[in-house]
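Chains as they are written, first to last, in the working numbering: chain U, 1063 to 1386; chain H, 30 to 682. All remarks here apply to the structure that follows.
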Amino acid sequence: MSEPINIILITLLQISLILGLSPLINSLLKKWKANLQGRQGPPILQGYYDLLKYFRKETVISEQASWLFLLTPLIVFASVCAASLLIPTITTNSALSSLGGVIVFVYLLGLGRFMMVSAAMEPGSGFCGMASSREMMLATLIEPVMLLALFVVILLAGSTDLYSAQKNLSELGLQLYSPAYILALVALFIASIAEMGRVPFDNPETHYELTMIHEGMLLDYSGQPLGLMFWSAWSKQLIILSLLANLLFPWGLAMQHSPVALLFALPLYLIKLLIVCLAVVLVETVVAKMRLFRVKDILGASFIISIIALIFAAQTLGGKGGIP
Amino acid sequence: MNEWCFLQASCLLLITGALLSLCISALSKKAGILISGITGIFASLFATGSGLLTLIHQSTFTLSIPGLQIQGLAPILTVDPLAAFFILLIGLAGLPISLYSIGYLKAEYLQQSVGMMGALYHLFILSMLGVVMASDALSFLIFWECMALLSFCLVIFDTQSLVSQRAGFTYLVMTHTGTAFLLVMYLILAHHSGQVTFASFMAQSSHLTPTLKSILFGCAIVGFGAKAGLIPLHIWLPEAHPAAPSHVSALMSGVMLKTAVYGLLRYVFCFLTPFPSWWGVALASIALITALLGITYASVESDLKRLLAYSSIENMGVIFFAIGLALIFVGHQNPFWSSVFLVAALLHSLNHSVFKSLLFMAAGAVLSTAHTRSLENLGGLIHKMPVTAALFLIGALAISALPPLNGFLSEWLIFQGLVLSTHGASESLRVFLPLCAALLGLTGAIVAATFVKAFSGVFLAMPRTHHAEHAKEVSHTMLGGMAIPAMLCLFLGLTPAVTIPFLNQLAASLLGQNPNAANWQIQNYDTLFLNGFAAYTPLLLLFILILGVGLAWLLPRWLGKKTSIRREMTWSCGVTAAPEFEYTPAGFSQPLEVVFSKFHATLNGYHEYIYLPLVNGLLALSRRLSIIQVGKTQVYLAYMLLTLLLCLIWIKR
C-alpha cells in the first residue's frame, strides 16, 4: 500500500472503530451494571436503536436558541472525532502522529466542553444552567488531573504523542509499573470517571436535579442534535476507556499496518477494554453518588496524587538523557 | 532603509493626527473622529510594516535627534529586532482599534470633547513607540512617564464619574511607585557606567557585583511588575482598565502592559547578564501565583470589563512565568530550553495583545448599545448582535487556549517545555517544574470556566433587563475593527511555521546564542517539531475538525431521515419561561467560588493588609517629619545654609 492511502485507511479505521463501537460499549456498561444490581437491563444493542430513533425524530428547540445551539453538536462531534485520532487503540503505528500529542488531546476535549456548556446556557432554562455550571466546576479539577497524569506517561515514555509513548511503554516490560506510573494511573482513573460523567460524580442514567450534570445540559436538545450529543458523549467515553486500557496493559498493539497484525490486535484490545469496563461498573455499583461539593475533595485528592506522580517521574528520570 | 522611513511616517502621522483631531473636532466632531481614526489606521499600518521589515531583515538602526543635544544627553532612538517586535505588536493592535474607535466614539462620546480624546489617543500610541525605541535611560523614563500620564488622562476622561477619578488616582499612584523603582535602578546603573546610554549599561553588565545585580533585579520586578499588574502590585489594573473608554482599555490591556514585558526583557537580558538561576525561580513563582489568583478573581467578577482586566493580570502572569522559566535555564546555561521559553513568552505577548484587544472591543460594543457592563443585566444579545457574539466567541475560545486558535499555541509551548525540561534538570527543579505544571494546568482550566461565564452571561439565554432587550448590532467600522484581531487569532494559531522562526531568531539574538540552539523543525509547511519531539500540526487539525463537522452533519441525515426543526418555548416545569428562571452569571460561578474559596478570600486582603498599613505608615512618618516644617522663611533659609555646609564638608573630605 502506498503511504497516503495507508494514512487515510488507518484514520478511517480509527474513527469508525471509536464511533461504531461506542454505543455498544455504553449499552454494555448499562447491562452489566443492571446485572450486578440484579436487574435485567436493556438489550446490548440498545445504543444503536436509540441513535437511529433520535435521527428519525423531529427536532424541537427553544425559542431562545440561536445558530450556536445547532452548531454546537457538530463541533462537539468534530472535536471527539479529532481526539479519537490522538489515542492508540489497536495500533501503535499512528497514521497521524504529527497531529499533536497529549496536550492537544486534553484541550480538544476542552473545546467540546466549552461549546457544550455554552450551548446549554442558551435555552435559558434553570436546569441546563445548573448543569453547565456544575460541569465547568468539575472540569476545572478534571482537566489539570488528566493533563498531569498524561504528563507522567509522556515523561516515562519519552515521547509526547501517545502512539510512540505506547510503543515505548510496551518495550519497558514489567518495569513499567513504577510508583509514579501507578499513581498516575490512579489519578487518571478517578479523573476519567468524572470526565465520563459516571457515578460517583454524576449519574448518566437520570437527570434529576440532584445529579444533574451532563444529562442536564442535554435537556433542551432533541432529535438529531440530541443523537449527535449522545453519540459524542459515548465516543468520548470509549476514547477515555481505550486510553485507560492501553495504558494499563500497553502490550499487544499492532506494530505495523499489516491486516494480520491488526486482526490479532483487535480481540486483545476488546478484552482490555472489557476489563476496564468491568472496573468502572464495579466502582459504579459499590460507590454511592456523592454530594456535589464532596466531589471536589476526591478530585482534589486525585490532583494531589497526580502532582506526586509527576514529581516522582521527574525524579526517577532526572539524570537520564533522552530529551535535552 | 524602508523600515526607518515607515517608522518616521508612523510617528509623524501620529503627531499630525493628534493636531488634526484637535483642530477638526472644533469644527465638526464627526469629521474629527473620522480623521483621527484614519490617521491612527495609517500610523499603525506603517508601524506594523516597519516592525515586520526590521524583524525580517534582522536589522538595527539608530537615530539621534540633532536639535536636542543637551550636554551629552542626546536622546538616542534605536530599533533592534526586540524593539521591532514590540513595534509590530503596537501596530497590529493599533490598526483595528483605530478603525473601531471611529464607530465607537460616534456611538458613545459625541457629547464630549472627542478632539482631546483623539489627540491623547495618538500621543499615547506615540509614547508607547517611544518607550520601545528609547535607547538611553533618560528618554526611556521620559517616554515611560508620558505613557503613564497620557493613559491616566484617558482613564479619567469620563470626568463626571467619581469611579473613574478614583481609578485614575490609584493608577497614578501605583504607576509612579513603579517608575520610582525604575528611576532608582537606572540611577544605580548610570552611576556605575558614568553614562545613561543603554550601550554603556550593556558594556558595564559584567562588572557589577552579584548583590548589586540582585538589588537591581528586585527593582526591575517591582518597577515593571507594577506596570504589568503582578500581584500584589495589581490593584490599579482592575480599576483603571474598565474605567477608560473601551478602545483605550483595549490599547492599555493589549499593548501598554506589554511595554513592561519589553522593559524587563531589555533590562535583564541586556544589562544584568550573567545572572543566577534563582532569579528565574523567584520571578516564575510570583508570576504563577499572579496567574492563578488573577483568573480566580476574574471567574467571580460580574462586571464584564473588570473580568477582562483580571484576565489580563492572569495573562501577564503567564508571560512573566515563561520569562522566569527562560531565566532559570539561562542561569543553568541551557540554551535550548531558555530559548523555547523565551519564544513562548514572546508568542504569548503577541497572542494576548490580539485576543485581549478583541475582547475589550467587543465589551465596548456591548457597552455602547446596552449601556451596562454588568453581566447580571445583560443576556440574549446573540440575537440582537450575532456578529459581535461570534467575534467574542472566537476571542473567548482563543483566550481559553483551545485548539486550533492562537492562545493554544503558546500554552502548548509552555506545557511542553515544563514537562520535557525536567529531563536532566537539577534535583530541586525536578520538583519545582512539575508543581508549576500543576498550577498552570489549574489556571488554564479556570480560564475556560471564566470565559464560558462571560460569553453566556452577555450573549446567551434571555435578556435579563430592558438594557439588553434594546441592544442593536454595532456599526460596520466597529465590526471591522473586531474582525481583524479575530482573523489574526485564527491565523496566528494556524501558522506556527511562520511565527516561530522569527521569534526563535529574536530569542536567540536576545540570549546571544546561535538560533539553531533550539532545535525547531518545520515539516510539511505546518508541522512544528521541537527537537524531534512534540509535534503539532494546526492546519491538519483544522482540516480534521472541518471534516468532523461535515461528518456530524451528514451521518444523522444518512442514518435517519431529513427532519424538520420546530421552535417552542423552553420547558420550565409548566410555567411560561421568563428571564427570572435563568441561571445568572453569579449563580454560574458559585460552585467555583465554593471550590476555590481559599483563593477568593484573598481578594480584598491587599487593601486591608498591604496598602492601608503602608499608607498609614507613610502618613505617620510624614507627620513626624512635619516637625521641621515650621512655616518661617528664616528657618528654611537656615536649613539651606546647613545643607550647603554639609555638602561642602562632604566634598572637601
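Every residue, glycine too, gets a C-beta built ideally from N, C-alpha and C. Here the structure is a predicted model, which means the values were calculated and not measured.
According to DSSP, is residue i part of a helix, a strand, or is it coil?
{"i": "U:Ile-1149", "result": "coil"}
{"i": "H:Glu-597", "result": "strand"}
{"i": "H:Gln-550", "result": "strand"}
{"i": "U:Leu-1372", "result": "helix"}
{"i": "H:Thr-494", "result": "coil"}
{"i": "H:Ala-564", "result": "strand"}
{"i": "H:Val-503", "result": "coil"}
{"i": "H:Leu-332", "result": "First, the amino acid is wrong: residue 332 of chain H is Asp here, not Leu. Note: H:Asp-332 maps to strand in three-state DSSP."}
{"i": "H:Phe-625", "result": "coil"}
{"i": "U:Asp-1223", "result": "coil"}
{"i": "U:Asp-1359", "result": "helix"}
{"i": "H:Ile-559", "result": "The identity of residue 559 of chain H in the sequence shown is Leu, whereas the question assumes Ile. Three-state DSSP puts H:Leu-559 in a strand."}
{"i": "U:Gly-1381", "result": "Because the pLDDT at U:Gly-1381 is just 46, under 50, the model does not fix this residue reliably, and the point stays unresolved."}
{"i": "U:Ile-1067", "result": "helix"}
{"i": "H:Val-213", "result": "helix"}
{"i": "H:Thr-592", "result": "coil"}
{"i": "U:Ala-1350", "result": "coil"}
{"i": "H:Val-372", "result": "helix"}
{"i": "U:Ile-1123", "result": "strand"}
{"i": "H:Ser-403", "result": "strand"}
Have a look at the options and flag the residue whose alpha-carbon is nearest the alpha-carbon of residue i.
{"i": "H:Ala-427", "options": "H:His-276, H:Val-476, H:Leu-469, H:Gly-408", "result": "H:Val-476"}
{"i": "H:Val-527", "options": "H:Ser-65, H:Leu-675, H:Leu-438, H:Gly-646", "result": "H:Leu-438"}
{"i": "U:Ser-1320", "options": "U:Leu-1132, U:Leu-1310, U:Thr-1154", "result": "U:Thr-1154"}
{"i": "H:Glu-174", "options": "H:Leu-508, H:Tyr-612, H:Phe-253, H:Ile-639", "result": "H:Phe-253"}
{"i": "H:Gly-147", "options": "H:Tyr-129, H:Ala-536, H:Leu-92", "result": "H:Tyr-129"}
{"i": "U:Leu-1354", "options": "U:Val-1138, U:Met-1279, U:Ala-1256, U:Trp-1296", "result": "U:Ala-1256"}
{"i": "H:Trp-366", "options": "H:Leu-158, H:Pro-415, H:Asn-545", "result": "H:Asn-545"}
{"i": "H:Cys-602", "options": "U:Met-1177, U:Leu-1158, U:Asp-1282, U:Met-1178", "result": "U:Asp-1282"}
{"i": "H:Tyr-296", "options": "H:Ser-193, H:Leu-539, H:Ala-425", "result": "H:Leu-539"}
{"i": "H:Thr-592", "options": "U:Lys-1119, U:Arg-1356, U:Met-1274, U:Ser-1304", "result": "U:Lys-1119"}
{"i": "H:Gln-37", "options": "H:Pro-567, H:Met-145, H:Leu-632, H:Thr-91", "result": "H:Thr-91"}
Could you check whether the Cβ of residue i sits closer than 8 Å to any heavy atom belonging to the ligand ADP?
{"i": "H:Ile-357", "result": "This structure lacks the ligand ADP; in fact it carries no ligand of any kind."}
So, under 8 Å CB-CB, residue i and residue j are touching, yes? Tell me the CB distance rounded to an integer number of Å.
{"i": "H:Leu-317", "j": "H:Gly-360", "result": "Contact flag wrong, Cβ pair sits at about 17 Å."}
{"i": "U:Phe-1263", "j": "U:Leu-1200", "result": "7 Å"}
{"i": "H:Ala-391", "j": "H:Leu-621", "result": "Not really, about 23 Å apart at Cβ, beyond 8 Å."}
{"i": "U:Gln-1286", "j": "U:Thr-1121", "result": "6 Å"}
{"i": "U:Glu-1125", "j": "H:Arg-596", "result": "5 Å"}
{"i": "U:Leu-1170", "j": "U:Ser-1141", "result": "5 Å"}
{"i": "H:Leu-41", "j": "H:Thr-77", "result": "Actually they do not touch by this definition, with Cβ atoms about 16 Å apart."}
{"i": "H:Glu-405", "j": "H:Ala-249", "result": "Rounded, the Cβ-Cβ distance is 41 Å, inconsistent with contact."}
{"i": "U:Leu-1173", "j": "U:Lys-1358", "result": "U:Leu-1173 to U:Lys-1358, Cβ: 24 Å. No contact."}
{"i": "H:Leu-74", "j": "H:Leu-124", "result": "6 Å"}
{"i": "U:Gly-1103", "j": "U:Lys-1115", "result": "About 18 Å separates the two Cβ atoms, so there is no contact after all."}
{"i": "H:Gly-66", "j": "H:Ile-131", "result": "4 Å"}
Any C-beta of chain C sitting closer than 9 Å to the C-beta of residue i?
{"i": "H:Tyr-133", "result": "Given the protein chain composition of this structure (U and H), no chain C is represented."}
(request) Flag this pair as touching only if the region 318-326 of chain H and the region 297-308 of chain H have three or more C-beta atom pairs under 8 Å; answer yes or no. (result) no
(message) Taking beta-carbon pairs under 9 Å, can you tell me which members of the region 564-590 of chain H lie near chain U?
(response) Ala-564, Tyr-565, Thr-566, Pro-567, Leu-569, Leu-570, Ile-573, Leu-574, Ile-575, Leu-576, Gly-577, Val-578, Gly-579, Leu-580, Ala-581, Trp-582, Leu-584, Pro-585, Arg-586, Trp-587, Leu-588, Gly-589, Lys-590
(request) Check distances from the C-beta atoms of the region 1065-1077 of chain U to those of chain H and list, in chain order, the residues that come in under 9 Å. (result) Thr-1073, Ile-1077
(request) Evaluate contact between the region 281-300 of chain H and the region 221-237 of chain H, counting only Cβ atoms and requiring at least three cross-stretch pairs below 8 Å. (result) yes
(message) For the region 1363-1374 of chain U against the region 48-68 of chain H, do three or more pairs of beta-carbon atoms, one drawn from each stretch, fall closer than 8 Å, so that the two count as touching?
(response) no
(request) May I ask you to list, following chain order, the residues of the region 458-470 of chain H that have a beta carbon less than 9 Å from some beta carbon of chain U? (result) Leu-458, Arg-459, Val-460, Leu-462, Pro-463, Leu-464, Ala-466, Ala-467, Leu-468, Leu-469, Gly-470
(request) Tell me, please, whether the region 356-373 of chain H touches the region 412-423 of chain H by the rule of three or more beta-carbon pairs shorter than 8 Å. (result) In the pairwise beta carbon analysis, the region 356-373 of chain H is classified as not touching the region 412-423 of chain H: fewer than three pairs are separated by under 8 Å.
(request) Pull out every residue of the region 401-413 of chain H whose Cβ sits closer than 9 Å to any Cβ of chain U, in chain order. (result) Gly-408, Gly-409, Ile-411, His-412
(message) Assess contact between the region 272-289 of chain H and the region 172-186 of chain H, defined as three or more Cβ pairs (one per stretch) separated by less than 8 Å. Is contact present?
(response) yes
(request) State whether the region 395-409 of chain H contacts the region 489-503 of chain H, with contact taken as three or more CB pairs (one from each stretch) at a distance under 8 Å. (result) yes
(request) State whether the region 1325-1345 of chain U contacts the region 1218-1225 of chain U, with contact taken as three or more CB pairs (one from each stretch) at a distance under 8 Å. (result) no
(request) Determine which residues of the region 1166-1187 of chain U have a Cβ less than 7 Å from any Cβ of chain H, and write them out in chain order. (result) Val-1166, Tyr-1169, Leu-1170, Gly-1172, Leu-1173, Phe-1176, Val-1179, Ser-1180, Met-1183, Glu-1184, Pro-1185, Gly-1186, Ser-1187
(message) Closer than 8 Å is the cut-off here; do at least three beta carbon pairs connect the region 1244-1259 of chain U with the region 39-54 of chain H?
(response) no
(request) Determine, using beta-carbon pairs with one atom in the region 430-448 of chain H and one in the region 369-380 of chain H, whether at least three such pairs fall under 8 Å. (result) yes
(request) Could you list the residues in the region 317-335 of chain H with a C-beta less than 8 Å from some C-beta on chain U, going in chain order? (result) For the region 317-335 of chain H, there are no residues whose beta carbon sits under 8 Å from a beta carbon of chain U.
(request) Report yes or no: do three or more beta-carbon pairs, one from the region 533-542 of chain H and one from the region 154-172 of chain H, lie closer than 8 Å? (result) With a cut-off of 8 Å, the region 154-172 of chain H and the region 533-542 of chain H do not count as touching, because too few Cβ pairs lie within range.
(message) Can you pull out the residues from the region 1270-1304 of chain U whose beta carbon lies closer than 7 Å to at least one beta carbon of chain H?
(response) Asp-1282, Gly-1285, Gln-1286, Gly-1289, Leu-1290
(message) If contact is defined by three or more beta carbon pairs under 8 Å, each pair taking one atom from either stretch, is the region 605-612 of chain H in contact with the region 1289-1301 of chain U?
(response) The region 1289-1301 of chain U makes no contact with the region 605-612 of chain H; the number of CB pairs closer than 8 Å stays below 3.
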